[in-house]
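Engineer:
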Amino acid sequence: MALIVKKFGGSSVRDAERVMNVASIVTDEYKKGNDVIVVVSAQGDTTDDLIEKAKEINPNGPSRREMDMLLASGEQISIALLAMAIETLGCPVISLLGWQAGFNTDSHHGFARIKNVNPERMRAELAKKNIIIVAGFQGLNKYDDLTTLGRGGSDTSAVAIAASLKADRCQIYTDVDGVYTADPRKVPNAVKMNEITYDEMLELATLGAQVLNNRSVEMAKKYNVELEVLSSLERKPGTVVKEKVKMEKTLIRGVAKDTNVSRISVVGLEDTPGVAFKIFNKLAQQKINIDIILQSVGRNNTKDITFTTSKDRGDDAVAAIESMKDVLEYSSLTVDNNCAKVSIVGAGMESNPGVAAKMFEALYDANINIQMIATSEIKVSVLIDADYADKAVRAVHDKLVD
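Each number in our numbering corresponds to the 1-based position in the sequence shown with 264 added.
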């Protein structure tokens, strides 16, 4: 007997037919004699709809605490409906909200971090031979307030449960049947991978591949939770994410794009030590993640610093820098939201010279200009105009992926 954690995204439970399909997958696993815990996201576009409702009531932006109270309701609907569906199939089941399943988080509403998971309630329900349905994306802070984990947080919830209970496998069900070398909906010749390493998957997830949430991959690597990404609509094997994989000929494991990017430029800064520290320390205090950073060579005793962050934190980043205007004494602050990041990922890149050159050649052949570049041992990322993102992905994929 094994313990299997299954996570289903919003598209997998978007309507009654899809809910019954998920119930069938879950009960089939249970009937094999395995213990099953299911983590579910809000149905379809429920979260987006709730955000719009909040804007109708408070166009200036409600508090993050009240937004968490609102958004957490989406998963509550999903778990109850799925539990009802499983009941109709004759299996014992119980639904639990995040706090009932033992999720304790910090108090950063809207993007809370999991501090720990107390699995005692889940252990008790498993001992009763119940299938457990858990609301993903949410937890409780030390003040007994509901919190949410941010976009993709249900993936993180599932991995946290698998880690705390030492599950045999954590399966992430999506509307695609695995991890591809590029988005198969945009790149027709994209290839599905049987296996991929944690590090490669983490880079792809961080760089815009929407199959897995990057925080969930980080946690899976830390606690050695083996993941499998597979389709909720087709009963066939998916892609396994683990520490080591069989060596393959493919040098580039994937091409990803991210259009959730804001490029912020602080122009005319004093060219003295400590300026970069002041900017990025302030952003860190606001819990704003920064990606690519570019600093110009000093001229006329000034320098420019340009960086990227997510669009949903762009306004917060601008406000943080504007609050330091008297300290930084910059000449201008500009924001560009019409940009995209295109990246290649592959663990074999560092020992194969010329990979970046081929990427840049592909973009040159496609007449696409590069604004910024960032590299690591297993990735190369470029910032380009958002209008050319899909064209860039296809050009790079055709050039580099066999």
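Quick reminder that beta carbons are idealized off the backbone N, C-alpha and C, glycines included. None of the values given here were measured: they were computed from a predicted structure.
Around the C-beta of residue 444, are 16 or more other C-beta atoms found within 10 angstroms, so that it is buried, or is it exposed?
Structural biologist: That one is buried.
Engineer: Whose C-beta lies closer than 6 angstroms to the C-beta of residue 638 among residues of the same chain, with five residues either side of it excluded?
Structural biologist: 556 and 645
Engineer: Assign residue 327 to one of three DSSP states: helix, strand, or coil.
Structural biologist: coil
Engineer: Return yes when the Cβ of residue 581 is within less than 8 angstroms of the Cβ of residue 650, no when it is not.
Structural biologist: Judged by their CB atoms, residue 650 and residue 581 are not nearer to each other than the 8 angstroms cut-off.
Engineer: On the CB-based measure, 16 or more other CB atoms within 10 Å of its CB, does residue 286 come out buried or exposed?
Structural biologist: buried
Engineer: Which class does residue 267 belong to by DSSP, given the choice of helix, strand or coil?
Structural biologist: strand
Engineer: Bridge partners of residue 380, per DSSP?
Structural biologist: According to DSSP, residue 380 bridges with 368.
Engineer: In whole angstroms, what is the alpha-carbon distance linking residue 367 and residue 384?
Structural biologist: 11 angstroms
Engineer: Rounded C-beta distance between residue 270 and residue 437? I'm assuming under 8 angstroms.
Structural biologist: 6 angstroms
Engineer: Residue 339 and residue 435 - do their beta-carbons sit closer together than 8 angstroms?
Structural biologist: no
Engineer: Leaving out five residues before and five after residue 484 in sequence, what residues of the same chain have Cβ atoms less than 6 angstroms from its Cβ?
Structural biologist: 423 and 491
Engineer: With distances taken Cα to Cα, identify the nearest neighbour of residue 397 among 420, 413, 356 and 374.
Structural biologist: 356
Engineer: Buried or exposed for residue 618, please, with buried defined as at least 16 other CB atoms from any protein chain shown within 10 angstroms of its CB.
Structural biologist: Here residue 618 is exposed, its C-beta having fewer than 16 other C-beta atoms within 10 Å.
Engineer: Determine the closest residue to residue 594 out of 535, 607, 575 and 474, with distance taken between C-alpha atoms.
Structural biologist: 535
Engineer: Can you name the residues that DSSP bridges to residue 444?
Structural biologist: 456
Engineer: Kindly indicate which residue of 622, 641 and 635 has the alpha-carbon position closest to the one of residue 663.
Structural biologist: Distance check between residue 663 and each of 622, 641 and 635 places 622 closest, using alpha-carbon atoms only.
Engineer: Starting from residue 544, follow the alpha helix (DSSP H) in both directions and report where the run begins and ends.
Structural biologist: 539-549
Engineer: List the whole-angstrom C-beta distance separating residue 502 from residue 442, where the pair is believed to meet the contact cut-off of C-beta under 8 angstroms.
Structural biologist: 4 angstroms
Engineer: Starting from residue 609, follow its DSSP beta bridges and name the residues at the other end.
Structural biologist: BP columns for residue 609 point to 518 and 643.
Engineer: I need the DSSP call for residue 388, collapsed to helix, strand or coil.
Structural biologist: helix
Engineer: Going by the C-beta, is residue 461 closer than 7 angstroms to any heavy atom of the ligand NAD?
Structural biologist: Ligands in the displayed structure: none, and consequently the ligand NAD is not present.
Engineer: Would you check if the distance between the CB atom of residue 344 and the CB atom of residue 331 is smaller than 8 angstroms?
Structural biologist: Going by C-beta atoms, residue 344 is not nearer than 8 angstroms to residue 331.
Engineer: Using a threshold of 8 angstroms, state whether the C-beta atoms of residue 420 and residue 378 are closer than that.
Structural biologist: yes
Engineer: Quick one: complete beta strand (DSSP E) runs, 3+ long, within the stretch 293-361?
Structural biologist: 299-304 and 357-360
Engineer: When burial is assigned at 16 or more other CB atoms within 10 Å of the CB, is residue 486 buried or exposed?
Structural biologist: exposed
Engineer: To which residues of the same chain is residue 466 closer than 8 angstroms at the C-beta, ignoring the five residues directly before and after it?
Structural biologist: 478, 481, 482 and 485
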